[in-house]
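Peer 1:
Protein chains in written order, with the UniProt record's numbering: chain A, 1 to 533; chain B, 1 to 533.
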């Protein structure tokens with residue numbers, strides 16, 4: 001992963017007093033707003049954020065947990081509108097942007113509750129419109145394509161709080177759940193529903209689940225692990241029709257082969273699509289997402305940016321010397337990369353303002369791509385981590401001259417596949433049921449380090465004498481992958497008085513994403529808290 | 001593997017003075033003769049052994065090594081005719097038995113050199129006629145089916161000393177070798193020829209080599225190891241025609257797809273067939289081999305036995321309570337099982353004679369089947385061990401409720417597949433390039449011990465810190481698998497004065513088979529030889 005070279009911004013630098021408007025108020029927008037809030041409070045810029053939902057930003061990663069009754073809304077808040085307002089930031093909630101008038105730098109907005117419309121000027125626009133769940137084409141579903149959400153009762157995606165409330169109603173009475181789509185999000189929801197006591201069936205079109213990340217071997221072993229965790233998987237199944245009861249609510253899913261999968265809730269988990277229609281209507285270039293260059297610019301006049309799940313990084317200039325490849329990078333489904341973009345954009349704004357104040361030019365630190373994000377599936381009985389493409393069988397030659405190493409224990413249900421480049425760094429990996437090996441392999445991958453000459457030593461980390469040979473973490477070790485927080489930064493926060501996971505989160509943002517690192521953060525707090533005298 | 005229960009012999013017990021005639025003088029016959037030689041010397045029985053070759057018994061396992069110039073005939077001798085004659089044993093070499101007259105208990109014999117014929121009476125007959133190499137049906141090969149060996153110059157199998165001499169002539173001038181057949185024996189010859197400097201191509205009909213023992217994964221990795229060892233493998237190839245030069249000697253093999261594989265020597269390695277024609281002519285039942293029951297009896301009147309590669313153990317009585325299964329066991333291609341049969345038969349003869357002398361009845365110790373013999377492919381660059389059937393992919397369910405564990409490192413070329421029964425004992429295994437793991441896994445298999453809960457600990461034996469965790473051998477550990485000799489017996493022999501591998505071999509028969517354990521025997525000698533005072 002070659003980091004981009006530092007480049008000199010070619011656009012018109014941001015000047016003091018400009019009005020920055022952020023469209024969207026999800027986790028990525030909230031991070032940007034948070035990072036420039038001090039500039040707004042000081043009056044250096046004017047800042048407005050427009051959210052379509054009535055709720056201010058919340059941690060979308062935990063929506064599934066919330067649906068299962070395992071995370072309360074209070075712990076999911078990412079922004080406090082009153083606090084923002086006190087910083088002089090305008091927060092418009094429940095507000096839809098219906099049109100961007102680029103010529104006049106005007107937004108047409110509508111209040112969803114009252115229907116009142118109005119206009120809002122801007123100097124810089126940040127699109128953080130995110131993505132919407134895909135709706136499959138099924139008889140009986142008949143959604144209004146222009147009004148997402150008009151689904152039969154008992155049919156929902158799991159993207160926002162309204163979705164979570166529909167799911168929660170069924171989960172609380174331990175109703176039977178059908179999940180359509182065996183991707184990581186569908187499986188996560190299925191496992192969670194099973195853990196809280198719901199009978200769950202996953203219906204998946206491909207021969208095995210998590211087809212984008214796993215090959216047949218990994219898919220088969222994950223399928224077995226799911227079965228053992230109580231999740232029934234119907235693979236290679238084409239859904240045909242949503243069957244509704246007399247109350248017009250969901251009662252089952254009919255498959256192409258005539259089988260019926262009954263349930264009280266149909267959870268749609270068939271991917272998301274970037275919300276690009278606003279950008280398209282404004283004449284901005286879109287592909288899978290809103291096309292931005294390596295400086296997150298969507299507009300040739302460089303007054304419009306896009307970040308997070310709505311953006312696709314793909315330089316419009318095919319000869320761009322900065323972008324390493326021509327393959328666009330659309331939404332990863334992970335919050336980490338979007339947060340990294342929001343932080344970079346905030347730093348850019350700050351750097352430009354400083355350069356203008358000092359009469360210099362802006363040299364931007366590069367927005368590094370970083371290693372492909374890892375996909376993690378975590379449940380009580382199933383622990384899967386993977387990144388990059390699956391590698392196929394170790395005994396088949398690889399075009400790039402690399403190789404594949406594989407461990408599979410059909411009895412224990414453990415699996416590890418390492419995809420090695422010729423220099424023995426990791427192009428990808430899949431690890432199932434070997435949590436310590438997964439952590440070490442993830443480190444090797446993220447750091448671009450070579451895999452040991454005898455990769456079987458990695459299996460010792462989960463061996464009967466586990467702990468022997470485990471790599472001691474260093475202050476540089478990444479603990480929170482969502483927010484990109486190192487062990488050292490957490491230890492510093494603890495030294496400065498943060499005594500709980502929540503306090504560490506406020507100080508460093510660690511454990512504020514998927515929450516998977518909470519236990520690790522708690523251990524660091526324990527280790528670095530001085531014993532009472 | 002349930003050992004047979006001890007049974008009382010139902011046949012007519014052997015009586016003093018009876019004439020035992022052994023047909024065949026290969027390694028198995030030699031072992032039987034050796035084991036009853038004292039009875040012959042004492043005059044308790046009369047013993048005749050009839051060999052078709054002009055040579056007395058030699059170690060057939062080393063014929064390939066001999067062909068490559070790496071084993072001399074002197075070290076291969078298994079019998080000394082003069083010594084046998086001094087014990088009163090009649091040894092007829094170069095003698096063909098043309099007919100068995102069961103009614104009269106007479107053999108019709110012909111001296112191959114002189115053509116003289118004669119007859120020879122017997123009381124007990126031991127058939128040890130072995131097996132002959134299969135000859136493929138190929139244009140240009142045109143062998144006389146009644147006279148094995150009439151092949152074009154430069155075309156040969158590798159079974160006896162005459163074959164070895166043909167091969168050696170080409171190998172000594174580093175001629176190009178074509179091996180037809182990618183079974184273990186063909187590959188062993190191919191690797192040996194490559195090691196001594198011959199260009200070698202193996203032509204194999206199936207998609208991968210060692211098809212009987214390996215699945216696609218093991219076959220592919222073995223194929224890579226062979227390529228790295230300089231052996232070219234043409235898989236999935238049907239041979240069509242043997243191409244002969246102007247001198248009527250081999251010049252190449254033509255494949256069905258039109259490709260030509262040139263060479264100076266064509267080594268035929270397409271399996272062996274038990275030599276049953278003599279038994280068939282005498283009206284004995286044959287299937288794949290001469291059918292014998294669990295007491296090695298081929299004749300209902302129990303005067304004819306068969307041992308070694310010509311015999312197939314398959315009780316004629318379908319309700320037999322002794323034989324555990326109804327599947328016949330034909331030639332294994334390994335010397336060990338034949339030797340075990342010869343030893344058991346000699347012990348039976350001895351027990352019957354003793355019972356008659358004491359006026360009692362004979363209770364026979366059971367001839368245990370033992371675990372399926374391991375197949376080992378050993379060369380400087382390739383070390384493969386396998387036993388039982390290959391297990392398929394670990395992620396596929398197994399009919400018997402067992403499971404499969406697999407390790408494959410496409411970079412190092414190592415592979416291990418363990419096929420576990422539900423009780424975690426080994427139904428089979430394949431290990432490539434992990435010699436210490438192979439030894440330990442072989443032990444677990446042979447002893448019927450359970451595989452560790454975390455089988456990855458077995459990989460540590462070949463890890464960078466090899467030696468850690470290796471199982472200390474016990475006096476009961478089998479060192480020589482051909483002759484079935486334990487470490488303790490070797491140590492005892494050393495204590496009694498055996499100071500060289502050859503001396504240990506004379507005392508215990510260890511290292512007298514394939515020779516693969518010579519280094520281990522040498523280490524035991526070193527460890528148990530008292531330091532000079």
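The C-beta atom is built at its ideal place from N, Cα and C for all residues, glycine as well.
Can you confirm whether residue 584(A), when its beta carbon is compared against all beta carbons of chain B, has any partner nearer than 8 Å?
Peer 2: This structure gives no information on residue 584(A), because the portion of chain A shown stretches from 1 to 533.
Peer 1: Starting from residue 409(A), find everything on chain B with Cβ-Cβ shorter than 7 Å and list it in chain order.
Peer 2: Ordered by position in chain B, the residues that pass the 7 Å Cβ test against residue 409(A) are 394, 405 and 455.
Peer 1: Residue 47(A) and residue 28(A) - do their beta-carbons sit closer together than 8 Å?
Peer 2: Not closer than 8 Å, so no.
Peer 1: Going along chain B, which residues have a C-beta under 9 Å from residue 464(A)?
Peer 2: 452, 453, 454 and 457
Peer 1: Using the Cα positions of residue 440(A) and residue 527(A), report the straight-line distance between them to the nearest angstrom.
Peer 2: 21 Å
Peer 1: Could you compute how far the alpha carbon of residue 211(A) sits from the alpha carbon of residue 428(A)?
Peer 2: Residue 428(A) has its alpha-carbon roughly 15 Å from the corresponding atom of residue 211(A).
Peer 1: Between residue 52(A) and residue 95(A), which are expected to be in contact by the criterion C-beta below 8 Å, what is the C-beta distance as a whole number of angstroms?
Peer 2: 7 Å
Peer 1: Cβ closer than 9 Å: which chain B residues qualify as neighbours of residue 227(A)?
Peer 2: What residue 227(A) touches in chain B: nothing, since even the nearest Cβ is about 11 Å away.
Peer 1: Among the candidates 153(B), 89(B), 294(B) and 55(B), whose CA atom is the shortest distance from the CA of residue 34(B)?
Peer 2: Of the listed residues, the one whose Cα sits closest to residue 34(B) is 89(B).
Peer 1: Specify the secondary structure class of residue 348(B) as computed by DSSP and reduced to three states.
Peer 2: helix
Peer 1: Within 10 angstroms of the Cβ of residue 541(B), are there 16 or more other Cβ atoms? Answer buried if so, exposed if not.
Peer 2: Outside the shown range of chain B, which is 1 to 533, sits residue 541(B), and nothing can be said about it.
Peer 1: Pick from 434(A), 309(A), 158(A) and 17(A): whose alpha carbon is nearest that of residue 64(A)?
Peer 2: 158(A)
Peer 1: Please list, in chain order, the chain A residues whose beta carbon lies closer than 7 Å to that of residue 420(B).
Peer 2: By Cβ distance, chain A contributes 411.
Peer 1: At which residues does the alpha helix (DSSP H) containing residue 428(A) begin and terminate?
Peer 2: Here residue 428(A) belongs to no alpha helix (DSSP H); instead the beta strand (DSSP E) covers 426–432.
Peer 1: Do residue 191(A) and residue 231(A) have their CB atoms nearer than 8 Å?
Peer 2: Against a cut-off of 8 Å, the Cβ pair of residue 231(A) and residue 191(A) comes out as a contact.
Peer 1: For residue 378(A), write down the residues that DSSP places opposite it in a beta bridge.
Peer 2: 383(A)
Peer 1: Less than 8 Å separating the beta-carbons of residue 463(A) and residue 482(A)?
Peer 2: no
Peer 1: Report all residues from its chain with a CB closer than 7 Å to the CB of residue 468(B); omit the five preceding and five following residues, and keep chain order.
Peer 2: Note that residue 468(B) has pLDDT 48, beneath the 50 cutoff, so the model's placement of it is unreliable and the number below is only indicative. For residue 468(B), where only same-chain residues beyond five positions count, the Cβ hits under 7 Å are 460.
Peer 1: Is residue 221(B) near residue 202(B), with beta carbons less than 8 Å apart?
Peer 2: no
Peer 1: My parser needs the alpha helix (DSSP H) runs of 4 or more residues fully inside the segment 104–183 of chain B; what are they?
Peer 2: Qualifying alpha helix (DSSP H) stretches, in chain order: 161–172.
Peer 1: Since residue 47(B) is in the beta strand (DSSP E), which residue starts that stretch and which ends it?
Peer 2: 46–50
Peer 1: For residue 346(B), which of 367(B), 121(B) and 359(B) has the nearest alpha-carbon?
Peer 2: 367(B)
Peer 1: Give every residue of the same chain whose Cβ lies closer than 6 Å to the Cβ of residue 424(B), excluding the five residues on either side of it in the sequence, and list them in chain order.
Peer 2: Excluding positions up to five away in sequence, the list reads 450 and 451.
Peer 1: Distance cutoff 8 Å, beta carbons only. Does residue 217(B) sit that close to anything in chain A?
Peer 2: yes
Peer 1: Could you name the residues of the segment 198–223 of chain A whose beta carbon sits closer than 7 Å to any beta carbon of chain B, in the order they occur along the chain?
Peer 2: Of all residues in the segment 198–223 of chain A, 217, 220 and 221 have a Cβ within less than 7 Å of some Cβ in chain B.
Peer 1: With a CB to CB cut of under 7 Å and the five nearest residues on each side skipped, what residues in its chain are close to residue 197(B)?
Peer 2: 174
Peer 1: Give me the residue from 382(B), 55(B) and 342(B) with the minimum Cα distance to residue 295(B).
Peer 2: 342(B)
Peer 1: Look at the alpha carbon of residue 54(B) and the alpha carbon of residue 250(B), and state the distance between them as a whole number of angstroms.
Peer 2: 27 Å
Peer 1: What residue does the beta strand (DSSP E) around residue 19(B) start on, and which one ends it?
Peer 2: 19–23 is the extent of the beta strand (DSSP E) around residue 19(B).
Peer 1: Please report whether the beta-carbon of residue 460(B) lies at a distance below 8 Å from any beta-carbon of chain A.
Peer 2: Yes, its Cβ sits closer than 8 Å to a Cβ of chain A.
Peer 1: Between which residues of its own chain and residue 355(A) is the CB-CB distance below 7 Å, once the five residues before and five after are set aside?
Peer 2: 13, 361 and 362
Peer 1: Write down the C-beta distance between residue 387(A) and residue 408(A) rounded to the nearest angstrom, noting that I regard them as a contact closer than 8 Å.
Peer 2: Contact doesn't hold; Cβ gap of about 19 Å is too wide.
Peer 1: On the criterion of 16 or more Cβ atoms from any shown chain inside 10 Å, does residue 403(A) qualify as buried, or is it exposed?
Peer 2: buried
Peer 1: Based on the DSSP output, what are the partners of residue 407(B) in its beta bridges?
Peer 2: Residue pairing by DSSP places residue 407(B) opposite 407(A) and 416(B) in a beta bridge.
Peer 1: Looking at C-beta atoms only, is the number of pairs between the segment 270–286 of chain A and the segment 296–313 of chain A that lie closer than 8 Å three or more?
Peer 2: With a cut-off of 8 Å, the segment 296–313 of chain A and the segment 270–286 of chain A count as touching, because enough Cβ pairs lie within range.
Peer 1: In the structure shown, what three-state DSSP assignment does residue 6(B) receive?
Peer 2: Any answer about residue 6(B) is weak, because its pLDDT of 46 lies below 50 and its placement is not dependable; what the coordinates show is given next. Of the three classes helix, strand and coil, the one that applies to residue 6(B) here is coil, per DSSP.
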